[in-house]
Amino acid sequence: MSISKSVVQHTLLKAVYIHVYRAGDDDYLEGGAEGSGYIISADGYIVTNAHVVKNAQGFAVELFDGTMLPATLVGKCKNVDVAVLKVETDKPLPYVDFSNEGDTEVGDDVFAIGMPITTTIKRTVTYGRVSHAKRFGTWKGLGPFPLVQADISLGKGSSGGGMFNANGQLVGMNTFILDAVVNVSSGFSFALRAPDIKRIVAGIIKTGYGPWKRRFGATVKECTTAMAKAHKQAAPTGVVLNSVAEAGLAERLGLKVGDLVLNVGEVAVECPSSVAYALMMAEGQKTSIKLSRIGVGEVELPLNLPNRGKYRKTKMAPIKISGNFDAFGFELTEVSGGGVNVATVRPGSIASVEGFLGGELILAVQDNTTGEWLETNSVSELNRILNASAKDGLVLKVDDCGAEVLMAISA
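Numbers 0 to 410, taken from numbering that gives the first Met the number 0, label the letters of the sequence shown in order.
Set out below in C-alpha coordinates:
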(Lines of atoms letter the chains of each structure in order from A and count residues from 1; the text may use other names and numbers.)
(Lines give C-alpha, C1' and ligand atoms only; values in the text may rest on other atoms or scores of the structure.)
Protein backbone atom coordinates (compact mmCIF):
# COMPACT_ATOMS: atom_id res chain seq x y z
CA MET A 1 0.00 0.00 0.00
CA SER A 2 1.42 3.38 -0.99
CA ILE A 3 1.63 6.20 1.52
CA SER A 4 -0.75 9.11 0.91
CA LYS A 5 0.07 12.75 1.48
CA SER A 6 -2.90 13.16 3.83
CA VAL A 7 -1.71 10.34 6.10
CA VAL A 8 1.74 11.91 6.38
CA GLN A 9 0.36 15.38 7.07
CA HIS A 10 -2.00 14.06 9.72
CA THR A 11 0.80 12.07 11.39
CA LEU A 12 3.10 15.10 11.49
CA LEU A 13 0.72 16.67 14.03
CA LYS A 14 1.58 13.86 16.46
CA ALA A 15 5.36 14.22 16.23
CA VAL A 16 7.28 16.38 18.69
CA TYR A 17 10.73 17.88 19.01
CA ILE A 18 12.35 17.36 22.41
CA HIS A 19 14.69 19.93 23.95
CA VAL A 20 16.96 18.26 26.50
CA TYR A 21 18.92 20.37 28.94
CA ARG A 22 22.11 18.60 29.99
CA ALA A 23 25.74 18.02 29.07
CA GLY A 24 25.97 16.49 25.58
CA ASP A 25 26.41 12.78 24.97
CA ASP A 26 27.44 11.53 21.55
CA ASP A 27 26.59 7.87 22.01
CA TYR A 28 23.48 7.11 19.97
CA LEU A 29 21.55 9.05 17.35
CA GLU A 30 20.87 12.12 19.38
CA GLY A 31 21.73 15.53 18.02
CA GLY A 32 23.51 16.97 21.04
CA ALA A 33 20.73 18.34 23.26
CA GLU A 34 17.80 17.56 21.00
CA GLY A 35 15.76 14.53 20.03
CA SER A 36 12.52 13.38 18.51
CA GLY A 37 9.39 11.86 19.99
CA TYR A 38 5.69 11.27 19.46
CA ILE A 39 2.47 11.75 21.41
CA ILE A 40 0.69 8.57 22.57
CA SER A 41 -2.29 10.00 24.47
CA ALA A 42 -4.62 12.98 24.36
CA ASP A 43 -3.60 13.96 27.90
CA GLY A 44 0.06 14.47 27.02
CA TYR A 45 2.11 11.30 27.38
CA ILE A 46 5.09 11.32 25.01
CA VAL A 47 7.53 8.55 24.13
CA THR A 48 11.17 8.84 23.08
CA ASN A 49 14.42 6.91 23.51
CA ALA A 50 15.95 6.63 26.98
CA HIS A 51 19.33 7.73 25.61
CA VAL A 52 17.74 10.99 24.41
CA VAL A 53 16.97 11.96 28.02
CA LYS A 54 20.17 10.55 29.51
CA ASN A 55 21.65 12.74 32.30
CA ALA A 56 19.03 15.41 31.61
CA GLN A 57 18.49 18.38 33.90
CA GLY A 58 15.16 19.29 32.32
CA PHE A 59 12.94 18.93 29.26
CA ALA A 60 10.73 20.96 26.97
CA VAL A 61 8.55 19.59 24.20
CA GLU A 62 7.82 21.53 21.02
CA LEU A 63 4.54 20.69 19.31
CA PHE A 64 3.88 20.89 15.58
CA ASP A 65 2.46 24.43 15.82
CA GLY A 66 5.55 25.65 17.69
CA THR A 67 4.00 25.59 21.15
CA MET A 68 6.66 24.91 23.78
CA LEU A 69 5.60 22.95 26.86
CA PRO A 70 7.67 21.97 29.91
CA ALA A 71 7.83 18.21 30.38
CA THR A 72 8.52 15.86 33.26
CA LEU A 73 10.11 12.43 33.09
CA VAL A 74 7.59 9.73 34.03
CA GLY A 75 10.15 6.95 33.82
CA LYS A 76 12.56 5.14 31.54
CA CYS A 77 13.98 1.73 30.79
CA LYS A 78 17.61 1.68 29.64
CA ASN A 79 17.43 -2.04 28.84
CA VAL A 80 15.12 -1.36 25.91
CA ASP A 81 15.91 2.34 25.40
CA VAL A 82 12.42 3.68 26.09
CA ALA A 83 11.49 6.81 28.05
CA VAL A 84 8.13 8.42 28.78
CA LEU A 85 7.61 12.16 29.26
CA LYS A 86 4.45 14.03 30.31
CA VAL A 87 3.27 17.51 29.37
CA GLU A 88 0.28 19.38 30.78
CA THR A 89 -2.09 21.07 28.36
CA ASP A 90 -5.64 22.44 28.44
CA LYS A 91 -6.60 20.92 25.11
CA PRO A 92 -6.50 17.26 24.00
CA LEU A 93 -3.51 16.43 21.82
CA PRO A 94 -3.51 14.32 18.65
CA TYR A 95 -1.81 10.97 19.29
CA VAL A 96 -0.53 7.97 17.38
CA ASP A 97 -2.17 4.56 17.06
CA PHE A 98 0.02 1.50 17.58
CA SER A 99 0.23 -1.26 15.00
CA ASN A 100 -0.42 -4.77 16.29
CA GLU A 101 1.69 -7.92 16.42
CA GLY A 102 1.95 -9.34 12.91
CA ASP A 103 0.81 -6.17 11.12
CA THR A 104 4.30 -5.31 9.85
CA GLU A 105 5.78 -7.41 7.04
CA VAL A 106 8.87 -7.33 4.84
CA GLY A 107 8.22 -5.04 1.87
CA ASP A 108 5.76 -2.75 3.64
CA ASP A 109 6.09 0.94 2.80
CA VAL A 110 7.01 3.02 5.84
CA PHE A 111 7.89 6.62 6.62
CA ALA A 112 9.79 8.19 9.49
CA ILE A 113 9.42 11.56 11.16
CA GLY A 114 12.30 13.12 13.03
CA MET A 115 15.03 15.71 13.16
CA PRO A 116 17.83 13.98 11.21
CA ILE A 117 20.78 16.29 11.81
CA THR A 118 20.13 19.81 13.09
CA THR A 119 17.33 21.91 14.53
CA THR A 120 16.95 23.67 11.19
CA ILE A 121 15.35 20.60 9.60
CA LYS A 122 12.86 19.54 12.25
CA ARG A 123 10.10 17.04 11.43
CA THR A 124 11.75 15.75 8.31
CA VAL A 125 9.82 12.96 6.60
CA THR A 126 11.75 10.12 4.93
CA TYR A 127 10.46 7.02 3.18
CA GLY A 128 11.53 3.42 2.77
CA ARG A 129 10.53 -0.23 3.00
CA VAL A 130 10.72 -2.79 5.76
CA SER A 131 13.77 -5.01 5.20
CA HIS A 132 13.15 -7.25 8.22
CA ALA A 133 10.11 -7.17 10.48
CA LYS A 134 11.56 -8.88 13.55
CA ARG A 135 15.34 -8.97 13.65
CA PHE A 136 16.81 -10.28 16.88
CA GLY A 137 20.17 -9.12 18.15
CA THR A 138 21.80 -7.29 21.03
CA TRP A 139 22.69 -3.83 19.77
CA LYS A 140 24.54 -1.09 21.66
CA GLY A 141 23.75 -2.77 24.96
CA LEU A 142 20.03 -2.97 24.19
CA GLY A 143 17.74 -5.87 24.19
CA PRO A 144 17.69 -8.57 23.34
CA PHE A 145 14.57 -7.11 21.73
CA PRO A 146 13.51 -7.74 18.12
CA LEU A 147 13.79 -4.70 15.88
CA VAL A 148 12.23 -3.48 12.66
CA GLN A 149 14.91 -2.98 10.01
CA ALA A 150 14.15 -0.59 7.16
CA ASP A 151 16.02 1.03 4.29
CA ILE A 152 14.99 4.47 5.48
CA SER A 153 17.20 7.52 5.90
CA LEU A 154 17.75 8.61 9.50
CA GLY A 155 20.23 10.81 11.33
CA LYS A 156 21.43 11.45 14.88
CA GLY A 157 18.46 13.60 15.85
CA SER A 158 16.00 10.98 14.59
CA SER A 159 16.36 9.10 17.89
CA GLY A 160 12.99 8.62 19.55
CA GLY A 161 11.00 9.55 16.45
CA GLY A 162 8.35 7.30 14.99
CA MET A 163 8.34 4.96 12.00
CA PHE A 164 4.84 4.65 10.54
CA ASN A 165 2.95 2.50 8.04
CA ALA A 166 0.66 3.56 5.21
CA ASN A 167 -2.26 3.83 7.64
CA GLY A 168 -0.33 6.22 9.87
CA GLN A 169 0.03 3.61 12.62
CA LEU A 170 3.24 3.42 14.61
CA VAL A 171 5.45 0.58 13.36
CA GLY A 172 8.39 1.32 15.65
CA MET A 173 10.57 3.92 17.32
CA ASN A 174 13.75 4.93 15.48
CA THR A 175 16.63 3.94 17.72
CA PHE A 176 19.92 3.65 15.85
CA ILE A 177 21.68 3.43 12.51
CA LEU A 178 24.69 1.45 11.36
CA ASP A 179 27.02 4.28 10.48
CA ALA A 180 29.10 5.68 13.33
CA VAL A 181 31.32 7.79 11.05
CA VAL A 182 29.00 10.36 9.52
CA ASN A 183 25.98 9.72 11.77
CA VAL A 184 23.67 9.43 8.79
CA SER A 185 22.09 6.15 7.78
CA SER A 186 23.68 4.31 4.89
CA GLY A 187 20.58 2.16 4.45
CA PHE A 188 20.42 0.22 7.70
CA SER A 189 18.03 1.78 10.20
CA PHE A 190 16.51 0.03 13.20
CA ALA A 191 13.41 0.69 15.28
CA LEU A 192 11.95 -0.84 18.42
CA ARG A 193 8.69 -2.55 17.49
CA ALA A 194 5.37 -0.88 18.29
CA PRO A 195 3.75 -3.86 20.11
CA ASP A 196 6.74 -4.05 22.46
CA ILE A 197 6.81 -0.29 23.00
CA LYS A 198 3.11 -0.26 23.87
CA ARG A 199 3.55 -2.87 26.57
CA ILE A 200 6.75 -1.37 27.99
CA VAL A 201 5.28 2.14 28.08
CA ALA A 202 2.20 0.90 29.95
CA GLY A 203 4.52 -0.52 32.61
CA ILE A 204 6.59 2.66 32.84
CA ILE A 205 3.48 4.82 33.26
CA LYS A 206 2.19 2.49 35.97
CA THR A 207 5.40 1.90 37.91
CA GLY A 208 8.13 4.22 36.58
CA TYR A 209 10.33 1.41 35.29
CA GLY A 210 10.44 -1.19 32.53
CA PRO A 211 11.40 -4.87 32.30
CA TRP A 212 14.82 -6.19 33.31
CA LYS A 213 17.11 -8.58 31.54
CA ARG A 214 17.03 -11.96 33.25
CA ARG A 215 19.55 -14.72 33.57
CA PHE A 216 17.91 -17.90 32.22
CA GLY A 217 20.37 -20.26 33.88
CA ALA A 218 20.70 -22.51 30.84
CA THR A 219 22.55 -22.72 27.54
CA VAL A 220 20.43 -23.26 24.45
CA LYS A 221 20.82 -23.97 20.75
CA GLU A 222 18.52 -23.78 17.76
CA CYS A 223 16.38 -26.80 16.97
CA THR A 224 17.53 -28.85 13.97
CA THR A 225 15.37 -30.93 11.63
CA ALA A 226 16.52 -34.14 13.32
CA MET A 227 15.82 -32.71 16.78
CA ALA A 228 12.35 -31.60 15.69
CA LYS A 229 11.65 -35.11 14.42
CA ALA A 230 12.74 -36.61 17.75
CA HIS A 231 10.31 -34.28 19.51
CA LYS A 232 7.56 -35.13 17.01
CA GLN A 233 7.41 -31.55 15.75
CA ALA A 234 6.37 -30.93 12.15
CA ALA A 235 9.25 -28.51 11.56
CA PRO A 236 12.27 -27.10 13.43
CA THR A 237 11.03 -24.65 16.03
CA GLY A 238 12.07 -23.42 19.45
CA VAL A 239 15.38 -23.94 21.22
CA VAL A 240 16.93 -26.99 22.91
CA LEU A 241 18.49 -26.84 26.38
CA ASN A 242 22.14 -27.92 26.25
CA SER A 243 22.81 -27.42 29.95
CA VAL A 244 20.94 -26.23 33.02
CA ALA A 245 22.72 -24.37 35.83
CA GLU A 246 22.20 -25.53 39.38
CA ALA A 247 19.77 -23.25 41.27
CA GLY A 248 19.32 -21.11 38.16
CA LEU A 249 15.98 -19.87 36.86
CA ALA A 250 15.56 -22.72 34.34
CA GLU A 251 16.11 -25.39 37.01
CA ARG A 252 13.79 -23.64 39.46
CA LEU A 253 11.09 -23.64 36.79
CA GLY A 254 11.49 -27.38 36.26
CA LEU A 255 13.28 -27.41 32.91
CA LYS A 256 15.71 -30.21 32.05
CA VAL A 257 18.57 -30.78 29.62
CA GLY A 258 17.13 -31.83 26.26
CA ASP A 259 13.85 -29.96 26.67
CA LEU A 260 12.66 -28.15 23.55
CA VAL A 261 11.29 -24.75 24.61
CA LEU A 262 8.48 -23.68 22.27
CA ASN A 263 6.80 -20.72 23.98
CA VAL A 264 7.56 -18.47 26.92
CA GLY A 265 4.36 -16.75 27.92
CA GLU A 266 2.78 -15.29 24.80
CA VAL A 267 6.05 -15.27 22.84
CA ALA A 268 6.92 -18.06 20.42
CA VAL A 269 10.60 -18.93 20.84
CA GLU A 270 12.24 -18.54 17.43
CA CYS A 271 15.94 -18.42 18.27
CA PRO A 272 18.26 -18.32 21.31
CA SER A 273 17.99 -14.52 21.59
CA SER A 274 14.21 -14.71 21.77
CA VAL A 275 14.35 -16.57 25.10
CA ALA A 276 15.74 -13.55 26.95
CA TYR A 277 13.23 -11.31 25.15
CA ALA A 278 10.35 -13.57 26.12
CA LEU A 279 11.43 -13.63 29.77
CA MET A 280 11.52 -9.83 29.85
CA MET A 281 8.03 -9.62 28.37
CA ALA A 282 6.70 -12.17 30.87
CA GLU A 283 7.83 -10.14 33.89
CA GLY A 284 5.07 -9.55 36.41
CA GLN A 285 2.66 -11.99 34.76
CA LYS A 286 1.30 -15.37 35.76
CA THR A 287 1.82 -17.40 32.61
CA SER A 288 3.60 -20.59 31.49
CA ILE A 289 6.44 -22.09 29.49
CA LYS A 290 5.41 -24.54 26.79
CA LEU A 291 7.98 -27.19 25.96
CA SER A 292 8.42 -30.61 24.42
CA ARG A 293 10.09 -33.38 26.40
CA ILE A 294 11.05 -36.63 24.70
CA GLY A 295 9.08 -39.54 26.10
CA VAL A 296 6.51 -37.22 27.64
CA GLY A 297 5.30 -34.93 24.87
CA GLU A 298 4.31 -31.30 25.19
CA VAL A 299 4.34 -29.90 28.72
CA GLU A 300 3.35 -26.55 30.22
CA LEU A 301 5.21 -25.35 33.30
CA PRO A 302 3.92 -22.41 35.38
CA LEU A 303 5.90 -19.19 35.05
CA ASN A 304 5.48 -16.37 37.54
CA LEU A 305 8.37 -13.90 37.34
CA PRO A 306 8.28 -11.17 40.00
CA ASN A 307 8.64 -7.62 38.84
CA ARG A 308 12.34 -7.05 39.39
CA GLY A 309 12.13 -3.28 39.63
CA LYS A 310 9.41 -3.45 42.27
CA TYR A 311 11.34 -6.09 44.22
CA ARG A 312 14.49 -3.99 44.24
CA LYS A 313 12.65 -0.82 45.17
CA THR A 314 11.02 -2.31 48.26
CA LYS A 315 13.94 -4.49 49.37
CA MET A 316 16.87 -2.14 48.93
CA ALA A 317 15.85 1.50 49.25
CA PRO A 318 17.22 3.92 50.25
CA ILE A 319 20.57 4.21 48.52
CA LYS A 320 23.25 5.75 50.73
CA ILE A 321 26.42 5.98 48.66
CA SER A 322 27.73 4.88 45.29
CA GLY A 323 31.00 4.07 43.60
CA ASN A 324 31.84 3.63 39.94
CA PHE A 325 34.48 1.02 39.15
CA ASP A 326 35.72 1.41 35.58
CA ALA A 327 38.02 -1.62 35.85
CA PHE A 328 35.07 -3.99 36.16
CA GLY A 329 32.42 -1.99 34.33
CA PHE A 330 29.71 -1.78 36.94
CA GLU A 331 28.43 0.90 39.29
CA LEU A 332 27.75 -0.25 42.84
CA THR A 333 25.43 1.32 45.40
CA GLU A 334 25.09 0.71 49.12
CA VAL A 335 21.62 -0.14 50.35
CA SER A 336 19.84 -0.37 53.66
CA GLY A 337 19.52 -3.87 55.03
CA GLY A 338 22.96 -5.06 53.92
CA GLY A 339 24.56 -6.02 50.65
CA VAL A 340 25.83 -4.00 47.72
CA ASN A 341 23.62 -3.43 44.69
CA VAL A 342 24.88 -3.65 41.10
CA ALA A 343 23.17 -0.51 39.83
CA THR A 344 24.37 -0.47 36.21
CA VAL A 345 26.62 -2.57 33.99
CA ARG A 346 28.60 -1.19 31.06
CA PRO A 347 28.08 -3.28 27.87
CA GLY A 348 31.19 -5.25 26.91
CA SER A 349 32.82 -4.79 30.33
CA ILE A 350 34.27 -7.52 32.56
CA ALA A 351 31.09 -7.53 34.64
CA SER A 352 28.94 -7.82 31.53
CA VAL A 353 31.00 -10.70 30.13
CA GLU A 354 30.74 -12.53 33.47
CA GLY A 355 26.95 -12.32 33.28
CA PHE A 356 26.02 -9.34 35.43
CA LEU A 357 22.93 -7.60 34.09
CA GLY A 358 22.30 -4.92 36.70
CA GLY A 359 19.94 -5.18 39.66
CA GLU A 360 21.80 -7.99 41.41
CA LEU A 361 22.50 -7.71 45.14
CA ILE A 362 26.01 -8.87 46.12
CA LEU A 363 25.70 -10.50 49.55
CA ALA A 364 29.14 -11.96 50.17
CA VAL A 365 32.55 -12.74 48.64
CA GLN A 366 34.35 -16.05 49.17
CA ASP A 367 37.84 -15.71 50.64
CA ASN A 368 40.27 -17.39 48.23
CA THR A 369 42.53 -18.55 51.09
CA THR A 370 40.13 -19.77 53.78
CA GLY A 371 37.02 -20.44 51.71
CA GLU A 372 34.95 -18.45 54.18
CA TRP A 373 32.18 -16.13 53.02
CA LEU A 374 32.81 -12.46 53.77
CA GLU A 375 29.65 -10.36 53.97
CA THR A 376 29.73 -7.19 51.88
CA ASN A 377 27.87 -4.26 53.37
CA SER A 378 29.74 -1.30 51.91
CA VAL A 379 31.05 -0.15 48.55
CA SER A 380 34.46 0.66 50.02
CA GLU A 381 34.78 -2.82 51.53
CA LEU A 382 33.85 -4.56 48.29
CA ASN A 383 36.14 -2.23 46.35
CA ARG A 384 39.06 -3.22 48.58
CA ILE A 385 38.39 -6.94 48.12
CA LEU A 386 37.95 -6.67 44.35
CA ASN A 387 41.11 -4.66 43.81
CA ALA A 388 43.14 -6.96 46.06
CA SER A 389 41.98 -10.36 44.82
CA ALA A 390 39.96 -10.11 41.60
CA LYS A 391 43.03 -10.88 39.47
CA ASP A 392 42.93 -14.41 40.97
CA GLY A 393 39.20 -14.74 40.39
CA LEU A 394 36.54 -14.23 43.04
CA VAL A 395 33.29 -16.09 43.71
CA LEU A 396 30.39 -13.88 44.76
CA LYS A 397 27.15 -14.86 46.47
CA VAL A 398 24.43 -12.88 44.71
CA ASP A 399 20.73 -12.35 45.38
CA ASP A 400 19.10 -12.37 41.95
CA CYS A 401 15.46 -11.41 42.52
CA GLY A 402 15.04 -13.54 45.60
CA ALA A 403 17.21 -16.49 44.51
CA GLU A 404 20.78 -16.86 45.75
CA VAL A 405 23.20 -17.72 42.94
CA LEU A 406 26.97 -17.92 42.70
CA MET A 407 28.79 -15.71 40.21
CA ALA A 408 32.47 -15.08 39.59
CA ILE A 409 34.54 -12.13 38.46
CA SER A 410 38.16 -11.86 37.41
CA ALA A 411 40.17 -8.77 36.51
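We put the CB at the ideal spot given by N, CA and C, even for glycine.
Euclidean distance between Cα positions of ILE17 and PRO143: Counting from 1 along the sequence shown, the entry for residue 17 is found at position 18. Counting from 1 along the sequence shown, the entry for residue 143 is found at position 144. If you take the alpha carbons of ILE17 and PRO143, they lie about 26 Å apart.
Element boundaries [beta strand (DSSP E), containing VAL365]: Translated into positions along the sequence shown, residue 365 becomes position 366. Reading off the sequence shown, one finds Gln at residue 365, where the question assumed Val. Note, GLN365: beta strand (DSSP E), 360-365.
Span of the alpha helix (DSSP H) around PRO69: Walking along the sequence shown from the start, residue 69 turns up at place 70. It is not in any alpha helix (DSSP H) - PRO69 instead sits in the beta strand (DSSP E) that spans 67-76.
Candidates ARG251, SER188, ILE39, GLN148: closest to LYS412 by CA position: Examination of residue 412 is not possible in this model, given that the chain is present from 0 through 410 alone.
Per-residue DSSP class, three states only, for VAL394: Residue 394 sits at position 395 when you count from the first residue of the sequence shown. Strand, per DSSP.
Contact check, ASN173 vs LEU153, beta carbons under 7 Å: Here residue 173 refers to the residue found at position 174 of the sequence shown. Here residue 153 refers to the residue found at position 154 of the sequence shown. The answer is yes: Cβ separation under 7 Å.
Nearest to SER98 (by Cα), restricted to the options ALA132, VAL81, CYS76, ILE120: Taking the first residue of the sequence shown as position 1, residue 98 is located at position 99. Closest option to SER98, Cα to Cα, is ALA132.
Contact belief for VAL124 with VAL7 at Cβ below 8 Å, rounded distance in angstroms: Working through the sequence shown from its first residue, we reach residue 124 at position 125. Working through the sequence shown from its first residue, we reach residue 7 at position 8. Sure, about 6 Å apart at Cβ, within 8 Å.
Presumed contact (8 Å Cβ cut-off) between GLU333 and SER377, rounded CB distance: Counting from one through the sequence shown, the residue named residue 333 turns up at place 334. Counting from one through the sequence shown, the residue named residue 377 turns up at place 378. Rounded, the Cβ-Cβ distance is 6 Å, consistent with contact.
Contact the region 165-172 vs the region 238-254: 3+ CB pairs below 8 Å: no
THR103 in three-state terms, based on DSSP: Looking up residue 103 in the sequence shown gives position 104. In this structure, THR103 counts as coil in the three-state DSSP scheme.
Where ASP399 sits in the DSSP three-state scheme: As a position in the sequence shown, residue 399 is number 400, starting the count at 1. Three-state result, ASP399: strand.
Contact under 7 Å by Cβ, GLU359 with ASP399: Your numbering for residue 359 matches position 360 in the sequence shown. Your numbering for residue 399 matches position 400 in the sequence shown. Yes.
GLU299 to VAL243 span [Cα, whole Å]: By 1-based counting over the sequence shown, the position of residue 299 is 300. By 1-based counting over the sequence shown, the position of residue 243 is 244. Whole-angstrom Cα-Cα distance: 18 Å.
Selection from ILE199, GLY36, LEU240 that minimises the alpha carbon distance to SER158: Taking the sequence shown and counting its residues from 1, the one referred to as residue 158 is at position 159. That would be GLY36, whose Cα lies nearest to the Cα of SER158.
Touch test, the region 71-87 against the region 207-222, Cβ-Cβ under 8 Å, three pairs minimum: yes
DSSP beta-bridge partners of HIS131: On the sequence shown, position 132 is the one that residue 131 refers to. According to DSSP, which records beta bridges pairwise, HIS131 is partnered with GLN148.
Strand pairing of VAL339, partner residues [DSSP]: Locating residue 339 in the sequence shown gives position 340, counting from the first residue. Answer by DSSP bridge pairing, in chain order: GLU333, ILE361.
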